[in-house]
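Single-structure report; data block below.
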Amino acid sequence: MRELWPWLRTLDRYRWRLAGGAVLLLLTVLSGIGLLGLSGWFLTATAMAGAAGTMLNIYLPGGGIRFFALSRTVTRYLERLANHDTVLRLLADFRVRLFDRFARQSHEQRNQERTMNRLNRMTRDLDALDNLFLRLIAPLGVAVLASLVVSVLSLLIDRRLAVEVGVVLLSTTAVVSVGCALLSRRQARRESTGREALRAELVASLDGMAELQAAGLLTADQERLLEQDRRIRRDQAGPARLAALAQSLATIAVQGLAVWALVRGLAADQTAIAVLVALGILGAGEALAALPPAFSRWGATVASAARLNNTEAESAEGLRPSPPEWPGNDALILDNVSVRTPDGLYRVRDLSLTAQPGEWVGIVGPSGSGKSTVASLIAGLMQPTEGHVLRNGRIVPPVHDGYLVDQAAQLACLMQETELISGTVRDNLCLGAPNATDAACWSALETAELASTVRLWQDGLQSRVGPAGRQLSGGEARRLALARTLMPGSPFVLLDEPFTGIDRPTVGQIRANLRRALQGTTGIALAHDEAALPPVDRVVRL
Numbered sequence: 179m180r181e182l183w184p185w186l187r188t189l190d191r192y193r194w195r196l197a198g199g200a201v202l203l204l205l206t207v208l209s210g211i212g213l214l215g216l217s218g219w220f221l222t223a224t225a226m227a228g229a230a231g232t233m234l235n236i237y238l239p240g241g242g243i244r245f246f247a248l249s250r251t252v253t254r255y256l257e258r259l260a261n262h263d264t265v266l267r268l269l270a271d272f273r274v275r276l277f278d279r280f281a282r283q284s285h286e287q288r289n290q291e292r293t294m295n296r297l298n299r300m301t302r303d304l305d306a307l308d309n310l311f312l313r314l315i316a317p318l319g320v321a322v323l324a325s326l327v328v329s330v331l332s333l334l335i336d337r338r339l340a341v342e343v344g345v346v347l348l349s350t351t352a353v354v355s356v357g358c359a360l361l362s363r364r365q366a367r368r369e370s371t372g373r374e375a376l377r378a379e380l381v382a383s384l385d386g387m388a389e390l391q392a393a394g395l396l397t398a399d400q401e402r403l404l405e406q407d408r409r410i411r412r413d414q415a416g417p418a419r420l421a422a423l424a425q426s427l428a429t430i431a432v433q434g435l436a437v438w439a440l441v442r443g444l445a446a447d448q449t450a451i452a453v454l455v456a457l458g459i460l461g462a463g464e465a466l467a468a469l470p471p472a473f474s475r476w477g478a479t480v481a482s483a484a485r486l487n488n489t490e491a492e493s494a495e496g497l498r499p500s501p502p503e504w505p506g507n508d509a510l511i512l513d514n515v516s517v518r519t520p521d522g523l524y525r526v527r528d529l530s531l532t533a534q535p536g537e538w539v540g541i542v543g544p545s546g547s548g549k550s551t552v553a554s555l556i557a558g559l560m561q562p563t564e565g566h567v568l569r570n571g572r573i574v575p576p577v578h579d580g581y582l583v584d585q586a587a588q589l590a591c592l593m594q595e596t597e598l599i600s601g602t603v604r605d606n607l608c609l610g611a612p613n614a615t616d617a618a619c620w621s622a623l624e625t626a627e628l629a630s631t632v633r634l635w636q637d638g639l640q641s642r643v644g645p646a647g648r649q650l651s652g653g654e655a656r657r658l659a660l661a662r663t664l665m666p667g668s669p670f671v672l673l674d675e676p677f678t679g680i681d682r683p684t685v686g687q688i689r690a691n692l693r694r695a696l697q698g699t700t701g702i703a704l705a706h707d708e709a710a711l712p713p714v715d716r717v718v719r720l
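Letter by letter, the sequence shown follows residues 179 to 720 in the working numbering.
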């Protein structure tokens, strides 16, 4: 239960919505009990009145039957609408909370696992938490209340029967819920964990399919994955069988109790009331029947919550306090910086350089010399093992929430690998400058030699670039990313291999444009040789 506690506390924010949904769920079950019980009483009383030749007011019970029929339909619709809306809001909050933590991890933490794998797993685990309220908490509470209502209804026959009905129904509720949760916990947890491991291994197998086939190991690897899938299916079948058994137990208990109530009512010469109570008990069985399938997945829900808690704990480790002020000017400084790998190898060693305000420094070096590491240090994506990186008189902190809020506008980055969002050209340009004018957008596009192309498109700045910019060519996407970096507002600019994927004639035109566009900014440009650099004041070789 401790794994679920952090997520249960989140429910407090929506307590009134959740309470309203639970009330609607209870009213739906009570309407079903009322409809079934009153219909049975009405038919029995009508038959008895006809046999005895007496009068019976059919309008009042007939109106009650219509009321319960309508109320059951209306409350069921409203319950589904309200509860699913609330659960979707909860899941949205869970996602924002968790992805916010994930975004604030250090660069090293995020690189410990493939981002796609982690995000997919987090999404699946969050989706598993919709069991928490919609299928676990609310149905269990409704089953308890419905049992109590039917127990009170049994007072129409006698007090002893009411106690017996309450004890049997509450005991059955406890057995089918707690029993399913405890007995299926290990198998459900193992199935959930095994399915996650199988997905990861399947992705790895697909990535290495060519190598496996070349080594003659593809068939053996496929057999291994199939055997793992069979084990998961066996683990999945166990909770399903247990849920079916628990549902059968609940059905037998409810039907046996209904027959017992009918016998007791007939013995007390209350035939119509006996039918009403017996059918009411059967109506309460609807609430009990929903419990076994949900609680048989208890172990999987707890396992998902535990994995999400671990992700939050890992993310919290990546949060660091804001860096202290550092005496200095508005220069960009790398002060005796070194970066070592865990096995002791240096990726960058004892690097010192200063870009004074308004100065541009180019860094060149062959592949593997540490250029991308230097870019990550300046951007705050990586922390140096030794030394300091300073910008605007402050040590550059790791990218986390406080840093993003306070410092993101201070640095515009163009890394070797960039991403475009699935929106318009303007959406992509204004990611770091949301208040930029159309004139500023066109100016940045002119500098990147993309304005003439965008003007040919029917919607201009409002033209959509497709998911991840797939509607653009590689060169167009790179130039759009470069234009985004050149939007006004950032006094520091970082360009890592800015002309990658752009043809040589266009590069020459962009270089000439950059001489004007970079005036007044301070920055670092990195490339494999000087010909791939924008206009710089001096060059440092790694």
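Where is the CB? At the ideal position from N, CA and C, for every residue including glycine.
Open item on the list: My output table needs one value for Trp-438: the three-state DSSP class, helix, strand or coil.
Closed with: Trp-438: helix per DSSP, three-state reduction.
Open item on the list: Just list the residues that DSSP pairs Ala-533 with in beta bridges.
Closed with: The secondary-structure analysis by DSSP pairs Ala-533 across a beta bridge with Leu-510.
Open item on the list: Rounded to the nearest angstrom, what separates Arg-716 and Gln-534 at their Cα positions?
Closed with: Approximately 11 Å between the Cα atoms of the pair.
Open item on the list: Considering just the uninterrupted stretch of the alpha helix (DSSP H) at Val-643, what are its terminal residues?
Closed with: For Val-643, there is no enclosing alpha helix (DSSP H), as DSSP gives it neither H nor E.
Open item on the list: Only counting the same chain, and skipping five residues up and downstream in sequence, which positions put a Cβ closer than 7 Å to that of Thr-371?
Closed with: Excluding positions up to five away in sequence, the list reads Ala-481.
Task: Per-residue burial, Asn-514 [other beta carbons within 10 Å of its own, 16 or more giving buried] - done: Flag for Asn-514 reads exposed.
Open item on the list: Buried or exposed, going by whether 16 or more other CB atoms sit within 10 Å of the CB of Met-233?
Closed with: By the neighbour-count rule (16 or more Cβ atoms within 10 Å), Met-233 is not buried but exposed.
- [ ] Can you have a look at Thr-700 and say buried or exposed, based on whether 16 or more other CB atoms are within 10 angstroms of its CB?
- [x] Thr-700 counts as buried, since no fewer than 16 other beta carbons sit within 10 angstroms of its beta carbon.
Task: Leu-555 to Gly-416 span [Cα, whole Å] - done: Counting only the Cα atoms, Gly-416 lies some 51 Å from Leu-555.
- [ ] Check whether the stretch 678-689 touches the stretch 646-657, taking contact to mean three or more Cβ pairs, one atom from each stretch, closer than 8 Å.
- [x] Yes, the stretch 678-689 is in contact with the stretch 646-657.
- [ ] Might you give, ordered along the chain, the residues of its own chain that have their beta carbon closer than 7 Å to the beta carbon of Arg-527, omitting 5 neighbours on each side?
- [x] Contacts found: Ser-516.
- [ ] Count the other C-beta atoms from every protein chain shown that fall within 10 angstroms of the C-beta of Pro-502, then say buried if there are 16 or more, exposed otherwise.
- [x] Low local confidence applies: a pLDDT of 45 at Pro-502 is under 50, so the model's placement there is unreliable, and no value is given.
Open item on the list: I'd like to check one pair, Pro-470 with Ser-355: are the Cβ atoms closer than 9 Å?
Closed with: Cβ distance < 9 Å, so Ser-355 and Pro-470 count as in contact.
- [ ] Tell whether a beta-carbon distance below 9 Å holds between Ala-468 and Val-432.
- [x] Going by beta carbons, Ala-468 and Val-432 fall outside the 9 Å limit.
Open item on the list: With three or more C-beta pairs closer than 8 Å as the rule, is the stretch 205-223 touching the stretch 246-266?
Closed with: Pairwise C-beta distances place the stretch 246-266 in contact with the stretch 205-223, as three or more of them are shorter than 8 Å.
TODO: Give every residue of the same chain whose Cβ lies closer than 6 Å to the Cβ of Leu-457, excluding the five residues on either side of it in the sequence, and list them in chain order.
DONE: Only residues of its own chain outside the window of five on either side were considered, and among them Leu-214, Gly-215, Gly-218 have a CB closer than 6 Å to the CB of Leu-457, listed in chain order.
Task: Identified DSSP bridge partners for Arg-244 - done: In the DSSP output, where bridge partners are listed per residue, Arg-244 has none listed.
- [ ] Sort Phe-272, Gly-210, Asp-616 by Cα distance to Arg-187 and report the nearest one.
- [x] With distances taken between Cα atoms, Arg-187 lies closest to Phe-272.
Task: Contacting residues, own chain, Cβ-Cβ under 7 Å from Ile-459 (five flanking each side not counted) - done: So the list reads Val-328, Val-343, Val-432, Leu-435, Ala-436, Ala-439, once near-sequence residues are dropped.
Task: Alpha-carbon to alpha-carbon, Ala-392 and Gly-386 - done: Inter-residue distance for Gly-386 and Ala-392 is about 10 Å (C-alpha atoms, whole angstroms).
Open item on the list: Let's test the definition: count the other Cβ atoms within 10 Å of the Cβ of Asp-413 and tell me whether it reaches 16, buried, or not, exposed.
Closed with: Buried, since its Cβ has 16 or more Cβ neighbours within 10 Å.
Task: Opening and closing residue of the alpha helix (DSSP H) in which Ala-655 lies - done: The continuous alpha helix (DSSP H) containing Ala-655 extends over residues 652-663.
Task: Where the alpha helix (DSSP H) containing Glu-342 begins and where it ends - done: 337-361 is the extent of the alpha helix (DSSP H) around Glu-342.
Task: Reduced DSSP secondary structure (H/G/I, E/B, other) of Phe-272 - done: In the displayed model, Phe-272 falls within a helix according to three-state DSSP.
Task: Residues bridged to Ile-573 (per DSSP) - done: In the DSSP output, where bridge partners are listed per residue, Ile-573 has Leu-568.
Open item on the list: Taking only three categories from DSSP, how would you classify Asp-579?
Closed with: Caution applies to Asp-579, whose pLDDT of 40 falls short of 50 and renders its modelled position unreliable; the value that the coordinates give is listed next. Three-state DSSP puts Asp-579 in a helix.
Open item on the list: Does Trp-194 pass the burial test, meaning 16 or more other C-beta atoms within 10 Å, or should it be called exposed?
Closed with: Answer is exposed; the Cβ neighbour count stays below 16.
Task: Alpha carbon of Cys-608 to alpha carbon of Leu-204, nearest angstrom - done: The alpha-carbon of Cys-608 is positioned some 50 Å away from that of Leu-204.
TODO: Measure the CB-CB distance between Ala-703 and Gly-667 and report whether it falls below 9 Å.
DONE: Judged by their CB atoms, Ala-703 and Gly-667 are not nearer to each other than the 9 Å cut-off.
Open item on the list: For a test of your reading of the model: does the CB of Val-437 fall under 8 Å from any non-hydrogen atom of the ligand COA? Yes or no.
Closed with: As far as ligands go, the structure on display features none, and thus does not contain the ligand COA.
- [ ] Helix, strand or coil for Ile-451, going by three-state DSSP, please let me know.
- [x] Correct three-state label for Ile-451: helix.
Task: Residues near Gly-212 in its chain [Cβ-Cβ closer than 6 Å; skip 5 each side] - done: Hits under 6 Å: Phe-246.
Open item on the list: At the level of alpha carbons, what is the spacing between Arg-604 and Ile-315?
Closed with: In a straight line, the C-alpha of Arg-604 is about 46 Å away from that of Ile-315.
TODO: Would you tell me roughly how many angstroms separate the C-alpha atoms of Trp-476 and Gln-425, rounded to the nearest one?
DONE: Each residue's CA atom was taken as its position, placing Trp-476 and Gln-425 some 16 Å apart.
Task: Distance between Leu-672 and Ala-646 (C-alpha atoms, nearest Å) - done: Straight-line Cα distance between these residues: approximately 22 Å.
Open item on the list: Measuring straight from C-alpha to C-alpha, what distance separates Leu-523 and His-706?
Closed with: Taking the straight line joining both Cα atoms gives about 22 Å.
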